[in-house]
Structures are given as structure tokens and as C-alpha cells.
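Visitor: After the C-alpha cells below, expect a handful of questions from me.
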Amino acid sequence: MRNLIERDAERSGFRNYWHQVSRYPVAVRREHELDDGFAVLWPAGSAIKQPLSIEYQDVFGMQEAGIDGGGLTKEFLLEACKQALHPDRGLFVETADRQLHPVTSPAARTKKALMQYEFLGRLVGKCIYEGILIDASFAPFFLLKWIGKMSYLDDLQSLDKDLYMGLLKLKDYTGNVEEDLALDFTLTETSATGTTTINLIPNGSDTPVTRLNRLQYIHLVCHYKLNARYRKQAEAFVNGLGAVLNPKWLAMFSTSELQALIGGNPVPIDVAELKRNTQYGGFSKDDATVNIFWYCLEHRFTEDERRMLIKFVTSTPRPPLLGFQMLSPKFSIRHAGTDVARLPTASTCVNLLKLPEYKDADTLEQKLRLAITGHAGFDLS
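According to the UniProt record's numbering, the sequence shown is numbered sequentially starting from 1.
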């Protein structure tokens, strides 16, 4: 995928190292990245592929200090995606396994909502295009829509395990289906506005489920639950993806590979590989503090704590699909002074850990653990 993207970027002039590349200017306010970004970038369509020049504005409309060398773009994209995927936005909800999929209420199918789904598709596509990982997990049946495929019975267990098990029992039921189960070709949907009866076929409420037609019923239930309810939302999102990424590129991946492409590889953190792909500022790789850091990470931290560190520095708790060699910018450790009372901080927009010059493993372990468990602030400057 990276090779395909790089070739596309070169053909489009986005990787022209000999001439100044045109950058699309985007001015946004903090905590309003999604709405402000939508106002500027929605009319741009596929132009979102070109390099962005993000300018953050303060509450008075004045530009904050800082030039976008890629870090502000990453911050903007991650914050905009985070806001779009938040339950309060009303676009996505989680399954019991905390996997995201579009909401199914009528409000999610309005013109305004569908524009937001399409815009989010562009943002996610832009993240993939730029190699930026998103700390989000999408439901497999929704990921199937990204690659142009339908969902079936086996995919239902990721959405509703009880319904999935019930349909399996119906499929193998040996008794009198019509009399014992008293089912018809309808489903009941409950939302904030009330309860709605869905006819799976014309006059579904007058059509009993029998031994002969139960497979048709199972198929229709799965189709409605996994495909029909989300059709407009999924189409809008996929249209947005297609504005940035060639659909043929995505079709090469399975749903699990797609998820790893979006949010990183769900494998144990390889400390040796991370070390090989780390850059330093103010430290050398042989300095005592650096050696203590790697010792603690490998021998004193648990796997969960290693993931917390990676998230603390990069905003995502997993390495890229092809390892830390693909992380851009590189994972970096910068000297943050000699005050060992201070906690480490991080600039997630450039994957930078700011580490004071701790002299012993106990102090570094304690301070770093405090920082990554949420007892220290993030420096996103």
C-alpha cells in the first residue's frame, strides 16, 4: 500500500523535492477541528489529498505560534477523527467488543449526516494516505463495505452475539418451527423516537417462519441488520474514502489487515525493533539515561505499559502494520533538561518523547509510569 501511495503522490506532485509543493491552507480552532475542517475542506473534495497547511487559531482568532511541518496536520486529522467518532457526535456507536459502526437512526440518514460520513471517510483516507494511525477499531462487517463486500450470518456475531446464536439455533431446530417459535418475517427496531416494526418482505407480519422458509428468514435478518440499515451511511463513508484512496488498493486487504492498516498491528511491542528505529536529540544512543530507558521498557514494564508508552508518544498503542520503520516521523527521544523532579512529556504530533536526564532506573521507571498512566499532561506544541 505504501508503495502505491508514494507513486500516486509523486504523480500528483505531492512529493516534489525540487519545487515548492502547493499546500492547502486550513485554519481551525482547538476542540473544533472537525467542524472547522469541514467548513474549509468539504468543498475541496479530493484536493484533501494534497499536503495541508494547518493553522491553529486562539479564541481571539489569532494564529498560534508554529509552522506545520507535518505535525500540525497529524494533530488536526487525529482530533477531527476523534471528534467524529465520539458517541456524542451521533455518527458512530460501539459493539459490545468496542468496535465502531454507523448508527442506524433516521437522523443518521439525513443529508447533513451523510455529508459528515463522507467527510469522515475522506479524513480516514487522508490518515491512511499520510501513514497516520488512528486509535479506533471498526467492526468487521463495516470494514467489509470498504472493500465492496456484503456481510452474512457469520459476520453477525461481531454486532449481536445473542441474535447470532439464536439464528444458528433456528437453522438447526428440529421441532415445529411455526408452532413452537411463532416467528414472522418482521423485526422490531427500538430508537429514541419509539418502536418500529420492519417488514423483511411485503406483508411480513402475515407470513410465518416455517421449516421450509427459515433459511430465507435468516438471510433477510442478517441482510437487514448488517447491510440495509447502514447502506446510505456506508456508501457515503466509502465515497469519502474513494476521494483519497483508489478502491482497488483497499480491495487487496482482508478486514483484519485493513484494521491493522488503520490503527496499527495488534502484536506485542518489539522493543529491539523500536530501539533500532529511534532518533535522539540532545542525547546519544549510548547515554546513560537512554540505556536506562530501554532497560526499563524491556525488563520492568509490562506489555500493557509498553502500549501505554507508545500511545503516550504517538497517540496510538500499536506499531504500524509493517513495524516501527514505517512510523513517520520517527519515534524520537529528546533531552528535556536535568530537573529529575519533572515528569516526561510528549509531543504526539511528531512522535517525540521529552525525557529529563534521570540518573537511575528506579526514578525513570517511576516518573515514566506516572506520565503514561495519565498523571501528566500532553504537550502538543
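The beta carbon of each residue, even a glycine, is placed where N, CA and C say it ideally should be. This structure is a prediction, so every number in the text was calculated from the model and none was measured.
#1: Within 8 Å, do at least three Cβ pairs link the segment 107-123 to the segment 239-249?
#2: State the Cα-Cα distance for the pair Val271 and Val93, rounded to the nearest angstrom.
#3: Please list, in chain order, all residues of the same chain as Gly377 whose beta carbon is under 6 Å from its beta carbon, the five residues on each side excluded.
#4: Can you round the beta-carbon distance between Asn176 and Thr186 to whole angstroms, since I take them to be within the 8 Å contact cut?
#5: What is the DSSP secondary structure of Ala182, counted as helix, strand or coil?
#6: Give me whichever residues DSSP pairs with Thr196 in a beta bridge.
#7: At a cut of 8 Å, does the segment 253-270 reach the segment 123-140 through at least three beta carbon pairs?
#8: Which ranges would you report for the alpha helix (DSSP H) in the segment 268-299 if only whole runs of at least 4 residues count?
#9: Which of helix, strand or coil does DSSP assign to His19?
#10: Would you check if the distance between the CB atom of Pro319 and the CB atom of Ile269 is smaller than 9 Å?
#11: Along the chain, where does the beta strand (DSSP E) containing Tyr24 start, and where does it finish?
#12: Do three or more CB pairs link the segment 101-121 to the segment 66-78 at distances below 8 Å?
#13: So, using beta-carbon positions, are Leu100 and Phe138 closer together than 9 Å?
#14: Looking at the secondary structure, which residues open and close the alpha helix (DSSP H) in which Arg89 lies?
#15: Roughly how many angstroms lie between the CA atoms of Asp36 and Tyr56, to the nearest whole one?
#16: For Leu331, write down the residues that DSSP places opposite it in a beta bridge.
#17: Rounded to a whole number of angstroms, what is the C-alpha to C-alpha distance between Asp58 and Asp286?
#18: Which residues bound the beta strand (DSSP E) around Thr373?
#19: Please state the DSSP three-state secondary structure of Leu380.
#20: Check whether the Cβ atoms of Arg300 and Glu365 lie closer than 9 Å to each other.
#21: In angstroms, rounded to a whole number, what distance separates the CA positions of Asp97 and Ser158?
#22: Once you ignore the five residues that flank Leu274 on each side, which residues in its own chain have a CB closer than 7 Å to its CB?
#23: Measure the C-alpha to C-alpha separation of Lys169 and Asp162 and round it to an integer number of angstroms.
#24: Just how far apart, CA to CA, sit Ile5 and Lys367?
#25: In chain order, what residues of the same chain lie with their CB nearer than 8 Å to the CB of Asp184, ignoring the 5 residues before and after it?
#26: Let me check one thing: in DSSP terms, what residues is Leu355 bridge-paired to?
#27: Using 8 Å as the cut-off, can you tell me whether the segment 141-152 makes contact with the segment 241-258, which would need three or more C-beta pairs spanning the two stretches below that distance?
#28: Nearest CA to the CA of His32: which residue from Tyr280, Ile147, Lys82, Val244?
#29: I need the DSSP call for Pro208, collapsed to helix, strand or coil.
#30: Please work out which residues of its chain come closer than 8 Å, Cβ to Cβ, to Val340, disregarding the five sequence neighbours upstream and downstream, and give them in chain order.
#31: Taking the alpha-carbon positions, what's the Lys248 to Ile48 distance?
#32: Whose C-beta lies closer than 8 Å to the C-beta of Tyr17 among residues of the same chain, with five residues either side of it excluded?
#33: For Ala361 and Leu343, I'd like the C-alpha separation in whole angstroms.
Guide: In terms of the structure at hand:
#1: yes
#2: Indexing the sequence shown from 1 puts residue 271 at position 271. Indexing the sequence shown from 1 puts residue 93 at position 93. Taking the straight line from one Cα to the other gives about 34 Å.
#3: Residue 377 sits at position 377 when you count from the first residue of the sequence shown. Low confidence applies to Gly377: its pLDDT is 36, below 50, so where it sits in the model is not reliable, and the reading given next is rough at best. A distance below 6 Å between beta-carbons, with the five flanking residues on each side excluded, links Gly377 to no residue of its chain.
#4: On the sequence shown, residue 176 is found 176 positions in, with the first residue counted as 1. On the sequence shown, residue 186 is found 186 positions in, with the first residue counted as 1. Actually they do not touch by this definition, with Cβ atoms about 20 Å apart.
#5: Counting from 1 along the sequence shown, the entry for residue 182 is found at position 182. Coil at Ala182, not helix or strand.
#6: In the sequence shown, residue 196 corresponds to position 196, counting from 1. In DSSP, Thr196 forms a bridge with Glu189.
#7: yes
#8: 271-276, 288-299
#9: For the purposes of this step, residue 19 is taken as the residue at position 19 of the sequence shown. At His19, the pLDDT of 48 sits below 50, so the modelled position is not reliable; the number obtained from the coordinates is stated separately. Of the three classes helix, strand and coil, the one that applies to His19 here is coil, per DSSP.
#10: For the purposes of this step, residue 319 is taken as the residue at position 319 of the sequence shown. For the purposes of this step, residue 269 is taken as the residue at position 269 of the sequence shown. A contact, by the Cβ cut-off of 9 Å.
#11: Residue 24 sits at position 24 when you count from the first residue of the sequence shown. Counting along the chain, the beta strand (DSSP E) containing Tyr24 begins and ends at 24-29.
#12: no
#13: What you label residue 100 is simply residue 100 of the sequence shown in a count that begins at 1. What you label residue 138 is simply residue 138 of the sequence shown in a count that begins at 1. Yes.
#14: As a working note, residue 89 is residue 89 in the sequence shown. Run containing Arg89: none; DSSP gives neither H nor E here.
#15: Looking up residue 36 in the sequence shown gives position 36. Looking up residue 56 in the sequence shown gives position 56. Spanning the two alpha carbons is a distance of roughly 10 Å.
#16: Here residue 331 refers to the residue found at position 331 when the sequence shown is read from its first residue. The sequence given here places Phe at residue 331; Leu does not occur at that position. Looking at the DSSP assignment, Phe331 forms a beta bridge with Thr278.
#17: By one-based count along the sequence shown, residue 58 stands at place 58. By one-based count along the sequence shown, residue 286 stands at place 286. Going by the C-alpha atoms only, they are around 41 Å apart.
#18: Locating residue 373 in the sequence shown gives position 373, counting from the first residue. Where Thr373 is concerned, there is no enclosing beta strand (DSSP E), given that its DSSP letter is neither H nor E.
#19: Numbered from 1 along the sequence shown, position 380 holds the residue referred to as residue 380. Only weak support is given to the placement of Leu380: the predicted model assigns it a pLDDT of 39, under 50, and the question is left unresolved by the model.
#20: By 1-based counting over the sequence shown, the position of residue 300 is 300. By 1-based counting over the sequence shown, the position of residue 365 is 365. Yes, Cβ-Cβ distance for Arg300 and Glu365 is below 9 Å.
#21: As a first step, residue 97 must be located in the sequence shown, where it is residue number 97. As a first step, residue 158 must be located in the sequence shown, where it is residue number 158. Asp97 and Ser158: Cα-Cα distance of roughly 8 Å.
#22: Reading the sequence shown from its first residue, position 274 is the one you call residue 274. Only Phe324, Phe331 meet the Cβ criterion.
#23: Start at 1 with the first residue of the sequence shown, and residue 169 comes out as number 169. Start at 1 with the first residue of the sequence shown, and residue 162 comes out as number 162. The C-alpha of Asp162 is placed about 11 Å away from the C-alpha of Lys169.
#24: Counting from 1 along the sequence shown, the entry for residue 5 is found at position 5. Counting from 1 along the sequence shown, the entry for residue 367 is found at position 367. About 40 Å.
#25: For the purposes of this step, residue 184 is identified with residue 184 of the sequence shown, where counting begins at 1. Counting only Cβ-Cβ distances below 8 Å, and skipping sequence neighbours, we find Gly204, Ser205, Asp206, Thr207, Pro208, Val209.
#26: As a working mapping, residue 355 is identified with position 355 in the sequence shown. Its beta-bridge partners are His335.
#27: yes
#28: One-based indexing of the sequence shown puts residue 32 at position 32. Comparing Cα positions, the closest option is Lys82.
#29: To locate residue 208, count along the sequence shown from 1; it is residue 208. Correct three-state label for Pro208: strand.
#30: For this step, residue 340 is matched to residue 340 along the sequence shown. Same-chain partners within the cutoff: Pro356, Glu357, Tyr358, Lys359, Thr363, Lys367.
#31: Within the sequence shown, residue 248 is the residue found at index 248, counting from 1. Within the sequence shown, residue 48 is the residue found at index 48, counting from 1. Whole-angstrom Cα-Cα distance: 19 Å.
#32: Residue 17 sits at position 17 when you count from the first residue of the sequence shown. Confidence is the limiting factor: at Tyr17 the pLDDT is only 48, short of 50, which leaves the residue's position unreliable, though a coordinate-based value still follows. So no residue of the chain qualifies.
#33: Walking along the sequence shown from the start, residue 361 turns up at place 361. Walking along the sequence shown from the start, residue 343 turns up at place 343. Each residue's alpha carbon lies about 14 Å from the other.
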